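**Q** I am attaching a structure below and will ask some questions about it afterwards.
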Amino acid sequence: MAQKIVTVYTDDLTGAESEEVQTHTFSLNGVNYEIDLVSDNYDKLFEALAPFIEKGRKVGRASNAGRSRKSSTEGPSAEELRAWARENGLQVNDRGRVPASIREAYQKAR
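Taking the numbering used here, the leading residue of the sequence shown gets 32, the next gets one more, and so forth.
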């Protein structure tokens, strides 16, 4: 028996099927959202948010796998915190979230 798997991409706003649908993420009031949109609908979303983005302040880090650069206001990366903790005799896991106690100790030491 043969199987054929078909993936259908659907715009969450209109319900239209398209090969051009892409997933986009945004956040509001501490809640992260993900939506699948064709480029025209993404443009509408971006245009609606543009005045608020322009006047707003960036906080924290964007969720972006493999990103190595960060602004100076964002603080050290998890890798930097782990290295600092080990150099200072603190125990820290190789993976996962760096405990707040490590972050606090890092900030106090600086």
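All residues carry an ideal CB built from backbone N, CA and C; glycine is no exception. In this text, all values refer to a predicted model and were calculated from it rather than measured experimentally.
Could you check what DSSP says for Glu111 in three-state terms: helix, strand or coil?
**A** What you label residue 111 is simply residue 80 of the sequence shown in a count that begins at 1. In the structure shown, Glu111 sits in a helix (DSSP, three-state: H, G or I).
**Q** Label Asn119 either buried or exposed according to how many other C-beta atoms from any shown protein chain fall within 10 Å of its C-beta, with 16 as the threshold for buried.
**A** Residue mapping note: residue 119 aligns to position 88 of the sequence shown, counting from 1. So Asn119 counts as exposed.
**Q** For Ser70, which residues from the same chain have a beta carbon less than 8 angstroms from its beta carbon, with the 5 sequence-adjacent residues on both sides left out?
**A** Locating residue 70 in the sequence shown gives position 39, where the first residue counts as 1. The residues are Glu51 and Gln53.
**Q** To the nearest angstrom, how far is the alpha carbon of Ala114 from that of Arg88?
**A** In the sequence shown, residue 114 corresponds to position 83, counting from 1. In the sequence shown, residue 88 corresponds to position 57, counting from 1. Looking at the two C-alpha atoms, the distance is approximately 30 angstroms.
**Q** Please classify Ser132: does DSSP put it in a helix, a strand, or coil?
**A** Here residue 132 refers to the residue found at position 101 when the sequence shown is read from its first residue. Secondary structure of Ser132 (DSSP, three-state): helix.
**Q** Mapping DSSP to helix, strand and coil, what is Ser49?
**A** Position 18 of the sequence shown, counted from the first residue, corresponds to residue 49. DSSP places Ser49 in coil when its eight states are reduced to three.
**Q** Excluding the five sequence neighbours on either side, which residues of its own chain have a C-beta within less than 8 angstroms of the C-beta of Asn72, listed in chain order?
**A** For the purposes of this step, residue 72 is identified with residue 41 of the sequence shown, where counting begins at 1. The answer, listed in chain order, is Asp42, Leu44 and Thr45.
**Q** Let's test the definition: count the other Cβ atoms within 10 Å of the Cβ of Val129 and tell me whether it reaches 16, buried, or not, exposed.
**A** Translated into positions along the sequence shown, residue 129 becomes position 98. By the neighbour-count rule (16 or more Cβ atoms within 10 Å), Val129 is buried.
**Q** Can you say whether Leu59 is buried or exposed, counting buried as having 16 or more other CB atoms within 10 angstroms of its CB?
**A** Along the sequence shown, read from residue 1 onward, the residue named residue 59 stands at position 28. Counting the other CB atoms within 10 Å of its CB gives Leu59 a total below 16, which places it among the exposed residues.
**Q** Terminal residues of the continuous beta strand (DSSP E) containing Leu68?
**A** Indexing the sequence shown from 1 puts residue 68 at position 37. Looking at the DSSP string, the run of the beta strand (DSSP E) that includes Leu68 is Val62 to Leu68.
**Q** Buried or exposed: which applies to Leu151, given that a residue is buried once 16 or more other Cβ atoms fall within 10 Å of its Cβ?
**A** No answer is possible for residue 151: it lies beyond the span of the chain, which begins at 32 and ends at 141.
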